[in-house]
Amino acid sequence: MSTSALKQNTKLGGTASHVTVCKVAHGLMTMTNNPTVVHPDEELFSAIKAGVDALPPDESKWF
1202 MSTSALKQNT KLGGTASHVT VCKVAHGLMT MTNNPTVVHP DEELFSAIKA
1252 GVDALPPDES KWF
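Under my numbering, the first residue of the sequence shown is numbered 1202, with each subsequent residue one higher.
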């Protein structure tokens, strides 16, 4: 995973325009778009957590 992609920030719009977020693209859609292939929750959440953990340490993390 390229860390340069993780350092790209953007501001939200509307009433949340004061919030800056870090862009993270996981490409996880294929984990859930095929009903014949079921992935364990542990695998799915592990992949999501790895992306969040890869954020630069100075970025706020909102859940």
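Every residue, glycine too, gets a C-beta built ideally from N, C-alpha and C.
Check                                                                                       : Outcome
According to DSSP, residues forming a beta bridge with Asn1210                              : Cys1223
Residues near Met1232 by beta carbon distance below 6 Å, same chain, minus five either side : His1240 and Leu1245
Endpoints, alpha helix (DSSP H) assigned at Leu1245                                         : Asp1242 to Asp1254
Euclidean distance between Cα positions of Thr1273 and Leu1229                              : Examination of residue 1273 is not possible in this model, given that the chain is present from 1202 through 1264 alone.
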